[in-house]
Amino acid sequence: MNVTVSRPRPPAIDARRWPAVAKVPSGLLAAAGGAIAEWLLRRAAAELPLRLVYPDGTVVGAGDAASPALVIARPDRFARRVGRYGLIGFGESYMAGEWHSDDLCGLLTVLATVVSDLVPPPIQWLRPIAHIAQPRPPRDGTAQARHNVAAHYDLSNELFAEFLDETMTYSCALFTDLPASWSDLPGRSDARSTGCLTLPECVAAAAYWRSGPVGASCASVRPQEERMSAR
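Each residue of the sequence shown is one higher than the last, beginning at 66 in my numbering.
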């Protein structure tokens, strides 16, 4: 099947701010990984309610015109990133404008159902090789800590204000009286910032949501601690 594809110009990437996004994996390993990633993606799409749309108009997938589409503008770069860095590469390829979707939520929902089974059993023996090929974890230290902060947390307060409340702290809410309303959140957050949840309360919260974050701890951020951590 073929369709007419518009080719939006990929955004210019600031190599100083996003070096990992600006750099496309190269070399024999990246090429081999890209070929495998391309084959796996096409294989999965053949049985999924989605469409892979390529620049030449080729469409692959079991989805119809109403199904979410992964429109690939730069197939080689996209495949190399996914083959080299997996899900991280998938995300960085999106940031680089190498693929897009008009129904991003629907597309990711479909892909999330098969991501753990994307590699078929006959070739799962290749996973240790892929693991060896991953970059070595950086050594801890002051310089690395500063790099981590710049890469993950050096963002504007305006961005965090979009999804945090007035306290500007990460937290989960524990309500003893239901139903709760949005107006309860700031007050509850202020109260939470002066104390800690007990372990039973954390367990109760995790049981309510049927999951708990790995490595979760009972803690709070007091204003003076937040100021100290920002220095």
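The beta carbon of each residue, even a glycine, is placed where N, CA and C say it ideally should be.
_Here's the rule: buried if 16 or more other CB atoms are within 10 angstroms of the residue's CB, otherwise exposed. What is L243?_
So L243 ends up on the exposed side.
_If you measure between the beta carbons of L117 and A110, is that distance less than 8 Å?_
In contact: L117 and A110 (Cβ atoms closer than 8 Å).
*I think R149 touches P84, with their Cβ atoms under 8 Å apart; what is that distance to the nearest whole Å?*
The Cβ separation is near 15 Å, so there is no contact.
*Would you mind working out which of A210, M160 and L113 sits nearest A177, comparing C-alpha positions?*
Comparing alpha carbon positions, the residue from A210, M160 and L113 closest to A177 is L113.
*Give every residue of the same chain whose Cβ lies closer than 8 Å to the Cβ of S166, excluding the five residues on either side of it in the sequence, and list them in chain order.*
The beta carbon of S166 sits closer than 8 Å to the beta carbons of P133, A134, L135, V136 and L172 from its chain, once the five residues preceding and following it are set aside; these are given in chain order.
*Close beta carbons around A131, own chain, < 6 Å, minus the five adjacent residues each side*: In its chain, beyond the 5 residues on either side, no residue has a beta carbon closer than 6 Å to the beta carbon of A131.
*Determine the burial state of S158: buried for a count of at least 16 other Cβ atoms within 10 Å of its Cβ, exposed for fewer.*
Buried is the call here.
_Mapping the DSSP letters down to three states, classify R116 as helix, strand or coil._
It is a strand residue.
*Buried or exposed for E223, please, with buried defined as at least 16 other CB atoms from any protein chain shown within 10 angstroms of its CB.*
By the 10 Å Cβ count, E223 comes out exposed.
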